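Take the sequence shown: its position 59, counting from 1, is numbered 59 in our numbering, and each next residue is one higher.
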Amino acid sequence: MRDHLRAGIAIYNDGEFHAAHDAWEEYWLGLEPETDDERFLHGLIQFTAAVHHAQHANWEGVRGLAESGADYLAGLPADYRAVNVGEVRAYLRAVAADPEHVERVAPPKLTYEDTALLAEDLRFEASAVVAEVLAEEYGYDEEIIEKAIDYARDDLDSEQATSQFVTFVMDFARDAANRGIIFQRMEGAVGKRDHKEEDVDGLFD
1 MRDHLRAGIA
11 IYNDGEFHAA
21 HDAWEEYWLG
31 LEPETDDERF
41 LHGLIQFTAA
51 VHHAQHANWE
61 GVRGLAESGA
71 DYLAGLPADY
81 RAVNVGEVRA
91 YLRAVAADPE
101 HVERVAPPKL
111 TYEDTALLAE
121 DLRFEASAVV
131 AEVLAEEYGY
141 DEEIIEKAID
151 YARDDLDSEQ
161 ATSQFVTFVM
171 DFARDAANRG
181 IIFQRMEGAV
191 GKRDHKEEDV
201 DGLFD
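This is the structure in structure tokens:
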């Protein structure tokens, strides 16, 4: 859960309010209903959705999401899973009472262990989650991203000193301004690695 949690926080803090929930949703769907972790992630998903809808002045949607998000987070410790749940809950309650609160007060940053994480703060596995989420959000070929992640993990498992695939995945997650060119280079590297893998496989046919 830690990598998905940290990834979603970084995505949210980078201003990707719509995409943030995708880092949590798959993990959340596999949790038992009404457990603390399920309510926690459900509340965060509702929170990011409320912030997203506020950008479009959808006040009715914002109010409903704020009310349900606050309800899901009710009863959890203020620092549940090292996240600033208390601050988020207070903001949601204020918005539920007055949706236009969002125009007067900026939504809180999400913090993990008192740090407002960004993509640049993440290690590889959390960066891989970010890369997959942003690939889907912006229409990049998800198969290329998934292969790059697999090749990066292979390199890490073999304890290679360096891996271009680790670098590509982490740069794709972090560098919005150059994401397109990073993807092109990643795609080329994946194609070369695919060809190399096919050549090796053929030796044993």
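For glycine and all other residues, C-beta sits at the position ideal for the given N, C-alpha and C. Since we're looking at a predicted model, the values are computed, not measured.
Problem set entry | Close beta carbons around alanine 20, own chain, < 6 Å, minus the five adjacent residues each side | By 1-based counting over the sequence shown, the position of residue 20 is 20. Exclusion of the five residues before and after alanine 20 leaves Gly8, Ile11, Tyr12 and Thr48 as the residues of its chain whose Cβ lies within less than 6 Å of its Cβ.
Exercise. In the structure shown, what three-state DSSP assignment does threonine 48 receive?
Worked result: Within the sequence shown, numbered from 1, the residue matching residue 48 stands at position 48. Of the three classes helix, strand and coil, the one that applies to threonine 48 here is helix, per DSSP.
For this session: Provide the residue span of the alpha helix (DSSP H) that contains glycine 86, from first to last.
Result: Locating residue 86 in the sequence shown gives position 86, where the first residue counts as 1. Its alpha helix (DSSP H) spans residues 85-97.
Exercise. Straight-line CA distance for alanine 116 to tyrosine 80?
Worked result: Taking the sequence shown and counting its residues from 1, the one referred to as residue 116 is at position 116. Taking the sequence shown and counting its residues from 1, the one referred to as residue 80 is at position 80. Taking the straight line joining both Cα atoms gives about 15 Å.
Exercise. In chain order, which alpha helix (DSSP H) runs of at least 4 residues are fully inside the region 70-157?
Worked result: Complete alpha helix (DSSP H) runs here, min 4: 85-97, 101-104, 124-138 and 142-157.
For this session: Between the Cα of arginine 153 and those of Tyr27, Glu125 and Leu5, spot the shortest distance and give me the residue it belongs to.
Result: Numbered from its first residue, the sequence shown carries residue 153 at position 153. It is Glu125.
For this session: Answer yes if the region 50-64 comes into contact with the region 87-102, meaning at least three C-beta pairs across the two stretches below 8 Å, and no otherwise.
Result: Yes: at least three Cβ pairs fall under 8 Å.
Exercise. Closest by CA to leucine 5, which one among Glu113, Arg89 and His53?
Worked result: For this step, residue 5 is matched to residue 5 along the sequence shown. A check of alpha carbon separations from leucine 5 across Glu113, Arg89 and His53 identifies Glu113 as the nearest.
Exercise. What are the start and end residues of the alpha helix (DSSP H) that includes glycine 268?
Worked result: Residue 268 lies beyond the stretch modelled for the chain, which goes from 1 to 205, so this question has no answer here.
Exercise. How is threonine 162 classed by DSSP in three states: helix, strand or coil?
Worked result: By 1-based counting over the sequence shown, the position of residue 162 is 162. Here DSSP, grouped into helix, strand and coil, assigns threonine 162 to coil.
Exercise. Which one of Pro108, Arg104 and Ser68 has the shortest CA to CA distance from glycine 86?
Worked result: Against the sequence shown, residue 86 aligns to sequence position 86. Answer by Cα proximity: Pro108.
For this session: State the Cα-Cα distance for the pair leucine 203 and threonine 111, rounded to the nearest angstrom.
Result: Sequence index remark: in the sequence shown, residue 203 carries index 203 (1-based). Sequence index remark: in the sequence shown, residue 111 carries index 111 (1-based). With a pLDDT of only 48 at leucine 203, under 50, the local geometry of the prediction cannot be trusted, and no value is derived from it.
Exercise. Are the region 135-151 and the region 14-32 in contact at 8 Å, needing three or more beta carbon pairs?
Worked result: Counting Cβ pairs under 8 Å, three or more are found: they touch.
Exercise. Assuming alanine 119 and alanine 57 make a contact with CB atoms under 8 Å, what is their CB distance in whole Å?
Worked result: Numbered from its first residue, the sequence shown carries residue 119 at position 119. Numbered from its first residue, the sequence shown carries residue 57 at position 57. About 28 Å separates the two Cβ atoms, so there is no contact after all.
Problem set entry | Exposure of isoleucine 181, with buried meaning 16 or more beta-carbon neighbours within 10 Å | Residue mapping note: residue 181 aligns to position 181 of the sequence shown, counting from 1. Isoleucine 181 should be labelled exposed.
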